[in-house]
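So the protein lines, in turn, are chains A and G. Residue 141 in the numbering used here sits at position 141 of the first sequence, with consecutive numbering throughout. Position in the second sequence (from 1) plus 328 gives the number in the numbering used here. Don't be surprised by glycine CBs; every beta carbon is placed ideally from N, CA and C. A quick write-up on the structure given underneath.
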Amino acid sequence: MPAMSTDQSGAAARAATGGEPAARELARVAPLGHLERLEAESIHILREVVAGCERPVMLYSAGKDSAVMLHLAVKAFYPAVPPFPLLHVDTTWKFRAMYEFRDRRARELGMQLLVHVNADGLRAGVNPFTHGSQLYTDVMKTEALRQALDKYGFDAAFGGARRDEEKSRAKERIFSFRSAGHRWDPRQQRPELWALYNTRKRPGESLRVFPLSNWTELDVWLYIWREEIPIVPLYFAAERPVVERGGALIVVDDERMPLEPTERPAPRRVRFRTLGCYPLTAAIESEADTLSAIIRETLLSRSSERCGRVIDHDAAASMERKKREGYF
Amino acid sequence: MERPAELAARDPAEYLRAQEQKGLLRFITCGSVDDGKSTLIGRLLYEARLILDDQLAALELDSKRVGTRGGELDFALLVDGLAAEREQGITIDVAYRFFETERRKFIVADTPGHEQYTRNMVTGASTADLAVILVDARKGVLTQTRRHSVLVQLLGISRVVLAINKMDLVAYSRTTFEAILADYRTFASGIGLADVTPVPLSAVHGDNIISRGPNMPWYQGPTLIEHLERVAVRTDDAGAALRMPVQWVNRPNADFRGFAGQIVSGTVRPGDRVRVLPSGREARVARVVTAGGDLEAATAGQSVTLTLDAELDVARGDLIAAADSPPQVADQFEATIVWLHDEPMLQGRAYLMKAGARTVSATVSPLKHKINVNTLEHTAAERLELNDIGVCELELDRSIPFEPYRENRALGGFILIDRLTNNTVGAGLIHFALRRSQNLHWQAVDVDKQTRSRQKGQRACVLWLTGLSGAGKSTIANLVEKRLTASGRHTYLLDGDNVRHGLNKDLGFTAQDRVENIRRVAEVSKLMLDAGLIVLVSFISPFRSERRMARALFAPGEFFEVFIDTPLAEAERRDVKGLYRKARRGEIKNFTGIDSPYEPPESPEIHIETMRLDPDAAAERIVARLMALKVTGPA
Numbered sequence: 001m002p003a004m005s006t007d008q009s010g011a012a013a014r015a016a017t018g019g020e021p022a023a024r025e026l027a028r029v030a031p032l033g034h035l036e037r038l039e040a041e042s043i044h045i046l047r048e049v050v051a052g053c054e055r056p057v058m059l060y061s062a063g064k065d066s067a068v069m070l071h072l073a074v075k076a077f078y079p080a081v082p083p084f085p086l087l088h089v090d091t092t093w094k095f096r097a098m099y100e101f102r103d104r105r106a107r108e109l110g111m112q113l114l115v116h117v118n119a120d121g122l123r124a125g126v127n128p129f130t131h132g133s134q135l136y137t138d139v140m141k142t143e144a145l146r147q148a149l150d151k152y153g154f155d156a157a158f159g160g161a162r163r164d165e166e167k168s169r170a171k172e173r174i175f176s177f178r179s180a181g182h183r184w185d186p187r188q189q190r191p192e193l194w195a196l197y198n199t200r201k202r203p204g205e206s207l208r209v210f211p212l213s214n215w216t217e218l219d220v221w222l223y224i225w226r227e228e229i230p231i232v233p234l235y236f237a238a239e240r241p242v243v244e245r246g247g248a249l250i251v252v253d254d255e256r257m258p259l260e261p262t263e264r265p266a267p268r269r270v271r272f273r274t275l276g277c278y279p280l281t282a283a284i285e286s287e288a289d290t291l292s293a294i295i296r297e298t299l300l301s302r303s304s305e306r307c308g309r310v311i312d313h314d315a316a317a318s319m320e321r322k323k324r325e326g327y328f
Numbered sequence: 329m330e331r332p333a334e335l336a337a338r339d340p341a342e343y344l345r346a347q348e349q350k351g352l353l354r355f356i357t358c359g360s361v362d363d364g365k366s367t368l369i370g371r372l373l374y375e376a377r378l379i380l381d382d383q384l385a386a387l388e389l390d391s392k393r394v395g396t397r398g399g400e401l402d403f404a405l406l407v408d409g410l411a412a413e414r415e416q417g418i419t420i421d422v423a424y425r426f427f428e429t430e431r432r433k434f435i436v437a438d439t440p441g442h443e444q445y446t447r448n449m450v451t452g453a454s455t456a457d458l459a460v461i462l463v464d465a466r467k468g469v470l471t472q473t474r475r476h477s478v479l480v481q482l483l484g485i486s487r488v489v490l491a492i493n494k495m496d497l498v499a500y501s502r503t504t505f506e507a508i509l510a511d512y513r514t515f516a517s518g519i520g521l522a523d524v525t526p527v528p529l530s531a532v533h534g535d536n537i538i539s540r541g542p543n544m545p546w547y548q549g550p551t552l553i554e555h556l557e558r559v560a561v562r563t564d565d566a567g568a569a570l571r572m573p574v575q576w577v578n579r580p581n582a583d584f585r586g587f588a589g590q591i592v593s594g595t596v597r598p599g600d601r602v603r604v605l606p607s608g609r610e611a612r613v614a615r616v617v618t619a620g621g622d623l624e625a626a627t628a629g630q631s632v633t634l635t636l637d638a639e640l641d642v643a644r645g646d647l648i649a650a651a652d653s654p655p656q657v658a659d660q661f662e663a664t665i666v667w668l669h670d671e672p673m674l675q676g677r678a679y680l681m682k683a684g685a686r687t688v689s690a691t692v693s694p695l696k697h698k699i700n701v702n703t704l705e706h707t708a709a710e711r712l713e714l715n716d717i718g719v720c721e722l723e724l725d726r727s728i729p730f731e732p733y734r735e736n737r738a739l740g741g742f743i744l745i746d747r748l749t750n751n752t753v754g755a756g757l758i759h760f761a762l763r764r765s766q767n768l769h770w771q772a773v774d775v776d777k778q779t780r781s782r783q784k785g786q787r788a789c790v791l792w793l794t795g796l797s798g799a800g801k802s803t804i805a806n807l808v809e810k811r812l813t814a815s816g817r818h819t820y821l822l823d824g825d826n827v828r829h830g831l832n833k834d835l836g837f838t839a840q841d842r843v844e845n846i847r848r849v850a851e852v853s854k855l856m857l858d859a860g861l862i863v864l865v866s867f868i869s870p871f872r873s874e875r876r877m878a879r880a881l882f883a884p885g886e887f888f889e890v891f892i893d894t895p896l897a898e899a900e901r902r903d904v905k906g907l908y909r910k911a912r913r914g915e916i917k918n919f920t921g922i923d924s925p926y927e928p929p930e931s932p933e934i935h936i937e938t939m940r941l942d943p944d945a946a947a948e949r950i951v952a953r954l955m956a957l958k959v960t961g962p963a
């Protein structure tokens, strides 16, 4: 199956309204629309980091938020190529389609892609099945991220997190200061006034920067539609081999997943609202195979986006704990 | 009517158009602690059916576990997202929530009520267009209500909703409501907040939030959400003159040189004549570049890249402005400062100031007054403590283009950053440039410092001796000067005690007076260095930041920090002037080493340990170092 990147119904709708490329609409001197405002704010943030930090990097997970953030970076620095590398902290348990998509996008954009795996964790065979999601996430994501940032000496890292995702994210600054050792202290966040971001820090200290802080899930989908941003096909409904575990639909992406004697992967029509490691990301039953159908589903949904992330439910305030320890 | 989801599926373009036209209102909830800010937002989201099923399930669970409402839904838990907040039942930092109704999109910042966390309230308020100020109907207008109102007014939020909450606890009394409103209006008009809309409500029960409910038939005004949906929103200043701070210079290759930034006011088109500030050079806009193609026009709010038709030197921090109406450029201002850090702001100390994309050095000189948020009185002050609001004069090391905050938030707002810790310590609002800044120019002179030094056969420099009282600074400085003079050098010794008899006799020993003391001495030694002299400065100078400020006045290779290192116990044992004894008896306040700190140099050019060297040997060592560095030889 080809990696679907554009939505036929979206393109058709645009053709019917005059066929203008979306960005051309900016030429009019009219008040900015909501997405234009969000875009301009994000671009401002991206540029502020590049101008104020010595060695920035963009965390790239191949998910939809990463896709939007990368697209904004291309716009922010055009005609230059974004002046920083992409970094994928690879747990080795992502969907195959994400790896293919990741490599292709970096190649298409001519950007350097760094991939970091926690070699110690890999040697020890740390995996989400036998070690539990909490230990696995600590070792293969949080620890791996800290290793990668230290290894390359990055002093600022862009992440695609949004404030509407989760309660502790809603409390975080756009420029989130981390002490040496990558720790976040939610009680000592720097004041952040207007659009004046303080990028100063001492050696060893760093910033996590979230250009999509003020975007919602719906904004992300509308922007993907408007800008025709390529996304990994897992977001579109298709028949996939699924087992049901604790009420969650888990897509069996490769032969490494240990199955219970009673479990038989069965084909079901599903898609993903959010993408992480395949054993920890629940799919939803859906018929939405176009962007407009996804937007409709997002509008009608009565559950939150991160509902499908197993790691968020580990313990109360688990996201805050992970963030304090250096997770994104 | 067709539901939005169905419209989105059938015609995404039409749906998007409707969404884009909705308009966005950014508002904050503020007021004193326990007035029910977080509960109000939680209730608002709940009534508008914006809390999703899994979130509601989690809320029900949380309310039973850590709730403060006896197992009933505790809406504050929806926004108080930090573990420490949930444990203590208070809001520590600002939370941002996003929601929309059929008419409008909203970003609400729930800000903390504790005075301790005012910096987080200011963070939320700086980007808001409207403030919902809550008051507990049982308590009426409190100090924090007034403090937040003053901050709201300062930050230029002109629209206020006075939400008189917990009406259920005063039997929905109209009299109570009107008494509080009258009280608040008196205060609000005193600070210039004219646009106040009062709403009586009960966040816990939901009265007058989305629907009216039966409890207050006497109230005829809008519900909270009705008002938020209808109130006029601030629009971008597309009609004003062009202003775009340059954030980043884009040079992918030799043929392209673009200036990237977000337009803060006005509109720009190719062919427009622009002036680059502070240099004042002019050119025409050649292209308005975006990844989606060049634009015919770009307007306030947009992030673009401009190219010019002439090769001008433009750097990050410069401002591109309409040539026919450029803003002023100045290096001295009057400004209001809100202090956001535990370490107080001191007059005379240099801070980094970030305004637009530019970072400069700024010194407070002087602090004119502090504002008492309760009485609005102006009181004299020499420092600003955490959460203080004051009006001061600021002196910058370079000129910057600016506009008063009232006219342009982006060009009139700034932050102050501590040089040592890099913390954001203050927020400021420019009022106007000081006249002396515009009329005072540097007088160029033909005979310069090099000429004067050469004439004396030496290289001018400053030896800055720092150390505890009684460490031996003056003794050693005196010996060094004698040796230098004997070998034909031209010197001058500035001694702490002596200068305090004359130039600095108006200064005491508080932290801010010590800062001013050092500032004056540093400036005097700079003049003497300019005259070609080798200047010896013998001052306790206990704070690192002031020694750094002194060093910053000089060129590399001119300033030598000499640490006269004597342990406190030894200095106190010697106690040549009997001062330690007096300080220990409490007869002298703010005595360095006793009840005022000494911050030792981290990397002094010369380090003298007096426990190992007697004064003669110390002087010898210092002179030898100067010889080795060829400072005392002919220039």
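Short CB-CB distance (under 7 Å) between residue i and chain G
i	result
Thr-92 of chain A	no
Tyr-60 of chain A	no
Whole-Å CB distance - residue i paired with residue j, under 8 Å assumed
i	j	result
Ile-552 of chain G	Val-489 of chain G	A small fix is needed here, since residue 552 of chain G is Leu in this sequence, not Ile. Yes, they are in contact, since the Cβ atoms of Leu-552 of chain G and Val-489 of chain G sit about 7 Å apart, within 8 Å.
Ala-611 of chain G	Ser-593 of chain G	Actually they do not touch by this definition, with Cβ atoms about 20 Å apart.
Thr-664 of chain G	Leu-482 of chain G	6 Å
Thr-439 of chain G	Gly-452 of chain G	4 Å
Leu-714 of chain G	Lys-698 of chain G	That belief does not hold up - the Cβ atoms of Leu-714 of chain G and Lys-698 of chain G are roughly 13 Å apart, past 8 Å.
Beta bridge counterpart(s) of residue i as assigned by DSSP
i	result
Ile-128 of chain A	For clarity, residue 128 of chain A is Pro in the given sequence; the question names Ile instead. Pro-128 of chain A pairs with nothing; no bridge assigned.
Cys-358 of chain G	G:Ile-461
Asp-823 of chain G	G:Ser-866
Gln-660 of chain G	G:Glu-723
Ser-366 of chain G	Beta-bridge pairing links Ser-366 of chain G to no other residue.
Phe-158 of chain A	A:Met-58, A:Val-209
His-88 of chain A	A:Val-115
Glu-239 of chain A	A:Arg-269
Cutoff 7 Å: residue i Cβ touching any chain A Cβ
i	result
Tyr-424 of chain G	yes
Ser-454 of chain G	yes
Asp-421 of chain G	yes
Leu-636 of chain G	no
Gly-441 of chain G	no
Asp-746 of chain G	no
Glu-348 of chain G	yes
Arg-913 of chain G	no
Ile-743 of chain G	yes
Coil, strand or helix - residue i by DSSP
i	result
Leu-941 of chain G	coil
Asp-65 of chain A	helix
Ser-304 of chain A	coil
Val-489 of chain G	strand
Arg-102 of chain A	helix
Ala-799 of chain G	coil
Lys-536 of chain G	According to the sequence displayed, residue 536 of chain G carries Asn and not Lys. DSSP places Asn-536 of chain G in coil when its eight states are reduced to three.
Trp-215 of chain A	coil
Ala-283 of chain A	strand
Leu-605 of chain G	strand
Asp-893 of chain G	strand
Leu-353 of chain G	strand
Glu-428 of chain G	strand
Start-end ranges of the alpha helix (DSSP H) lying completely within the stretch 725-771 of chain G, minimum 4 residues: Runs of the alpha helix (DSSP H) inside the stretch 725-771 of chain G: 737-740, 763-767.
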